[in-house]
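Numbering (the working numbering), first residue to last: 10 to 267.
Down below is the structure, laid out as structure tokens.
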Ligand SMILES: [Zn+2]
């Protein structure tokens, strides 16, 4: 019955303050074997670790998100490094570039990303990479800084077929969220091109709620709708997609003990 790993959720957000425990129970009842809850700054990384300590099937990623990396003192990166050594921290993330919101200058974002990529390499952890409207600079950093060697996933993948083909030449994994189910989504043709052994599933809860629940708060139990949609594109049973993507998650996130 345990089928899916939600490799990206934000369980620390206050939208879950009322019913976090119920949300986690509902995920378990719906075949979610593990959830990785993701930090976006020092405070949410701490909360992610707290939640992971409390629930056996929840794991954490810690890091400073590109929209949160302006004016972050070095001491906060040191604290991320300390947190990352916790037994339930399975990745550094989410980190990367975001030229859509542009809350920090490009150079600041690049420096924070590269610093945390080195940290991941030093600690033997994979990266959870956020990339929004920054494909050229992201690809350049992936190549120049050997990010593929560090290992990681391009989360909530977006971009052109050309960009995807370049990423597929690296060793990075690709994950899609509920937005693949949206009526006007063009992500289907990207999903088609990703080999099954490079694919991960995620919800990005509380965001990007899949059809037919679009508009509601997203939660890990809803991963089934995204899984069904992707299994349809791949023309395989959803159980098989679950099995393969869970194996992929365990291969990438070595500390994911399930
Ligand atoms: Zn996220």
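Note that the Cβ used here is the ideal one computed from N, Cα and C, for glycine as well.
For clarity, every value in this text was computed on a predicted model and none was experimentally measured.
Exercise for the section: Check residue 184 in the structure and name its three-state DSSP category. Expected result: Three-state result, residue 184: strand.
Handout entry: Closer than 7 Å: residue 52 CB and nearest ligand 1 heavy atom
Key = Residue side-chain check: residue 52 keeps its Cβ at 7 Å or more from all non-hydrogen atoms of ligand 1.
Practice task
Using only the heavy atoms of ligand 1, determine whether one of them is closer than 7 Å to the beta carbon of residue 17.
Solution key: It does: the Cβ of residue 17 is within 7 Å (strictly closer) of some heavy atom of ligand 1.
Exercise for the section: Assess, as a yes-or-no matter, whether the stretch 53-60 is touched by the stretch 88-100 under the definition of 3 or more beta carbon pairs within less than 8 Å. Expected result: Below 8 Å, enough C-beta pairs join the stretch 88-100 and the stretch 53-60 to call them touching: three or more.
Handout entry: Helix, strand or coil at residue 83 [DSSP, three-state]
Key = In this structure, residue 83 counts as helix in the three-state DSSP scheme.
Practice task
Give a yes or no on whether the C-beta atoms belonging to residue 258 and residue 209 are separated by under 8 Å.
Solution key: Yes, the Cβ-Cβ distance between residue 258 and residue 209 is below 8 Å.
Handout entry: Check: residue 198 C-beta below 7 Å from any heavy atom of ligand 1
Key = Distances between the C-beta of residue 198 and the heavy atoms of ligand 1 are all 7 Å or more.
Exercise for the section: Give the C-beta separation of residue 215 and residue 226 to the nearest angstrom, bearing in mind that I take them to be a contact with Cβ-Cβ under 8 Å. Expected result: The beta-carbon separation of residue 215 and residue 226, rounded to 5 Å, stays under the 8 Å limit for a contact.
Practice task
Apply the 10 Å Cβ neighbour rule to residue 76 and answer buried if 16 or more other Cβ atoms are within range, or exposed otherwise.
Solution key: Burial is judged here by how many other beta carbons sit within 10 angstroms of a residue's own beta carbon; residue 76 has at least 16 and is buried.
Problem - Candidates 231, 200, 265: closest to residue 241 by CA position - result: Nearest C-alpha to residue 241 among 231, 200, 265: 200.
Practice task
Give a single yes or no on whether residue 28 has its beta carbon closer than 7 Å to a heavy atom of ligand 1.
Solution key: Not so, every heavy atom of ligand 1 lies at least 7 Å from the Cβ.
Exercise for the section: Output the boundary residues of the beta strand (DSSP E) element that contains residue 106. Expected result: Taken as a continuous stretch (DSSP letters only), the beta strand (DSSP E) holding residue 106 covers 98-107.
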